[in-house]
Each structure stands twice: as C-alpha cells, then as structure tokens.
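In numbering that gives the first Met the number 0, the protein residues as written are 0 to 173.
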Amino acid sequence: MHKDDCFEFGKITKTHGLKGEVLFFLDVDEPSKYEGIDAVFIERRGSLVPFFLEYLSLHNNRYIAKFEEIDSIEDAEALKDAQLFLPMSALPKLPEGQFYYHDIVDFTIVDKNLGELGTVGKIYTNSAQDLLEMNYKGKEVLIPISDDIILTAELDNKILNTDIPNGLLDIYME
C-alpha cells in the first residue's frame, strides 16, 4: 500500500492501560462510519504497514484501540504520535456537490468575477479555518475554505468555482 493510495484517518495520541491499548484521535467528520474497520496502516521506515485491530471502542469522544501483537505498554508506546491511514476505498461516498479535500488538489480555480486565477496546491487544515493554497501571479495565496467562497467543484472538469472576497488577492500582491 502506498501513501498516495491512502488518506490520513487519525493519530495515536497516547497509550491506555498496561496491555497495549492506545487512544486514537480520528480526523474525520463522522467517526461512527469507521467503527467496523479491522485494520489501519501506520508508516514504519518509509512504508505503510497494516496493523490489525482486536477491538476499537468509543471512550470520551476518543477511541480506545487494541492491535494484534501489541501486548504491553512498551509496545504501545512505540506507536505514540503515529499517523493512521486507510485506503481511499474506505472513504464514504459523499452526497452530490460535496468533495474531499484531496479531490480538489490541482483543480483550476475559476472565480465568478475574476475568471481563471490559478490551481489548488496544498490544503491546510486546522481548528480555526481550513485554507487552500493557490499560486497567483507568482505568489502563494491562501483562500479560506467556506461555503461562501468555494461555490462548487466540477469534479469531471477539475474546476473549483469560487467567489473570492474583494481585496483578498490584493493583500498578497503588495
């Protein structure tokens, strides 16, 4: 399994107990859709390695997991802070008009007032505001991801239709 064929599912935040359990933070909108998984991938020495789950249970808005062959706190400690990956095929289907962030990377950005502007580069996610990066006239521009700004994504045509607020691009051109 290659990283390009996967999405980041979450992270192991800490150990739990003495028998190899770990706490997961899941970076997904609807964690309950993933409760039936039987394995996750963790990067080890540059490769994604499958770790099979004995169980996964919800505990105070986090998940407690026990992996096969991880039987001590020492074994579990070695997994602390590890990113968790799942294959793209495990992503739930989205309703019409919605998209996953990884779907829009390299899309052409077309603004309803300004026309074609550039292409989507990286996507930055954080608790305050998710942002997409666009190269515009040789400058890196960060555009907030919100329903007011990102109007539609034409997945077949690789076009992201926007309504960028007046003055946003000017800030980057100074």
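For every residue, glycine included, the Cβ atom is placed at its ideal position computed from N, Cα and C.
None of these values were measured; they are calculated from a predicted model.
Would you give the residue range spanned by the alpha helix (DSSP H) that residue i belongs to?
i      : result
Glu76  : 72-76
Ile170 : 167-172
How would you call residue i, buried or exposed, if buried means at least 16 neighbouring beta carbons within 10 angstroms?
i      : result
Thr161 : buried
Tyr54  : exposed
Val48  : exposed
Ile11  : buried
Met133 : buried
Gly35  : exposed
Ile170 : exposed
Thr124 : exposed
Leu168 : buried
Assuming contact is defined by CB atoms lying nearer than 8 Å, are residue i and residue j in contact in what I supplied?
i      : j      : result
Gln82  : Glu7   : yes
Leu141 : Leu130 : yes
Leu113 : Ile163 : yes
Pro86  : Asp147 : no
Phe106 : Lys157 : yes
Leu52  : Phe40  : no
Just to confirm the assignment, what range does the beta strand (DSSP E) spanning residue i have?
i      : result
Tyr123 : 114-123
Met0   : From DSSP, Met0 is part of no beta strand (DSSP E); its letter is neither H nor E.
Leu52  : 46-58
Gly9   : 5-15
Val140 : 138-143
Pro86  : 82-86
Ile63  : 61-66
Glu174 : Any property of residue 174 remains undetermined from this structure, which presents the chain solely from 0 to 173.
Asp146 : Premise fails: Asp146 is in no beta strand (DSSP E) and is neither H nor E.
Please go through the same chain and pick out, in chain order, the residues whose beta-carbon is closer than 6 Å to the beta-carbon of residue i, but skip the five residues on each side of it.
i      : result
Leu116 : Ile108, Asp110, Tyr135
Gly9   : Phe23, Phe24, Leu25, Asp26, Leu83
Tyr100 : Ile122
Ala152 : Phe98, Ile103, Leu159
Glu76  : Thr14
Leu91  : Reading off the sequence shown, one finds Pro at residue 91, where the question assumed Leu. Once the five neighbours on either side are set aside, the close Cβ partners of Pro91 are Lys32.
Ser145 : none
Our contact map puts residue i next to residue j with C-beta atoms below 8 Å; I'd like the distance itself, whole angstroms only.
i     : j     : result
Val21 : Leu78 : 6 Å
Ile69 : Gly19 : 4 Å
Below 8 Å CB to CB, which residues in the same chain sit around residue i once its five sequence neighbours on both sides are set aside?
i      : result
Ile72  : Thr14, Gly16, Leu17, Lys18, Gly19
Leu154 : Phe98, Asp102
Only counting the same chain, and skipping five residues up and downstream in sequence, which positions put a Cβ closer than 7 Å to that of residue i?
i     : result
Ile63 : His15, Glu20, Leu22, Ser56
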